[in-house]
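To start, the structure itself, in structure tokens.
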Amino acid sequence: MTDASALARAESLIGTIPDYPEPGILFRDITPLLADAAALRATIDALVEPFAGGFDVVAGIEARGFLLAGAAAIAADAGLVPIRKAGKLPRPAASVSYSLEYGTAAIEMHDDLAPGTRVLLLDDVLATGGTIAAARQLVAELGAEVIGTAVLLELDALKGRALLGSAPLNALFHA
Ligand code: AMP
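With our numbering, the residue at position 147 of the sequence shown is 648, and numbering never jumps.
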């Protein structure tokens, strides 16, 4: 299968689950894509390709970002750093809070990321952009540099891209 046809197949394997996890939400389910070897390989290659050679670590955002980040780090010969929800990391961590539709959330990274480390941020879905914007702030607070962001799926109507300004964003698929 060529990369293009594998990518087209990958897109078709993203499911849409109505009213999950709550009424009114259309949940985008990437697990069928992950389970397909050719689709997964093509997806990982396409996510990192625009940034090839330009980053030292992939930072995967909990939880579905982790599923992509491990594979992407190996494919790109880069390290892997987790960005976790508050209270999950065992060592001292930097923290950034951000707004959700209702209330707030916080994400954290261990605070020993070397200053100047070049970071590729990775997540499954870009919705309102709040999570990626907070992750960018977190990396900056540690003195490291986000060289780009890659997501599988951008939900265009939510305009999350606007929160990222002119920062490089590779969104493979759009809905
Ligand atoms: P946001 O901060 O609004 O851009 O939301 C992005 C985060 O929420 C990502 O980590 C996604 O995994 C998750 N997310 C938001 N909306 C959806 C959706 N419709 N389907 C699946 N995941 C979503």
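All residues carry an ideal CB built from backbone N, CA and C; glycine is no exception.
Return the chain-ordered list of same chain residues with a C-beta closer than 7 Å to the C-beta of residue 605, the five sequence neighbours on each side being excluded.
-> For this step, residue 605 is matched to residue 104 along the sequence shown. Closer than 7 Å at the Cβ level, and outside the excluded window around residue 605, lie 598, 599.
Can you tell me whether residue 661 is buried or exposed? The criterion is at least 16 other CB atoms within 10 Å of its CB, across all chains shown. One-based indexing of the sequence shown puts residue 661 at position 160. So residue 661 counts as buried.
Assuming residue 623 contacts residue 651 (C-beta within less than 8 Å), just tell me the rounded distance between them. Sequence index remark: in the sequence shown, residue 623 carries index 122 (1-based). Sequence index remark: in the sequence shown, residue 651 carries index 150 (1-based). Going by Cβ atoms, the distance from residue 623 to residue 651 rounds to 5 Å, so yes, they are a contact pair.
Checklist entry - Can you give the Cα-Cα distance for residue 563 and residue 608, rounded to whole angstroms? => result To locate residue 563, count along the sequence shown from 1; it is residue 62. To locate residue 608, count along the sequence shown from 1; it is residue 107. Between residue 563 and residue 608, the C-alpha separation is close to 9 Å.
Report task. Locate the alpha helix (DSSP H) running through residue 506, then write down its first and last residues. Result -> By 1-based counting over the sequence shown, the position of residue 506 is 5. Looking at the DSSP string, the run of the alpha helix (DSSP H) that includes residue 506 is 504 to 513.
**Asked** Got a sec: does the ligand AMP put a non-hydrogen atom nearer than 8 Å to the Cβ of residue 525?
**Response** Here residue 525 refers to the residue found at position 24 when the sequence shown is read from its first residue. Residue 525: no, Cβ never under 8 Å from the ligand AMP.
Can you list, in chain order, the residues of its chain whose CB lies under 6 Å from that of residue 655, leaving out five sequence neighbours each side?
-> The sequence position of residue 655 within the sequence shown is 154, counting from 1. The residues are 627, 672, 675.
- Task: Using the DSSP secondary-structure output, state which residues sit across from residue 674 in a beta bridge.
- Result: As a working mapping, residue 674 is identified with position 173 in the sequence shown. Per DSSP, 654.
Note to self: I'd like to know if the segment 504 to 512 and the segment 543 to 556 are in contact, where contact means that at least 3 CB-CB pairs between them fall below 8 Å.
What the structure shows: yes
Could you tell me if the beta carbon of residue 626 falls within a distance shorter than 8 Å of some heavy atom in the ligand AMP? One-based indexing of the sequence shown puts residue 626 at position 125. Yes, the ligand AMP has a heavy atom inside 8 Å of this Cβ.
To test your reading of the DSSP string, which unbroken beta strand (DSSP E) runs of 3 or more residues are found completely within the segment 575 to 609? 580 to 586, 594 to 600
Per DSSP, which one or two residues make a beta bridge with residue 616? Taking the sequence shown and counting its residues from 1, one reaches residue 616 at position 115. Answer is none; residue 616 lacks a bridge partner.
Among the residues of its own chain, which have a CB less than 6 Å from the CB of residue 638, if the five just before and after it don't count? What you label residue 638 is simply residue 137 of the sequence shown in a count that begins at 1. Taken in chain order, the residues that qualify are 597.
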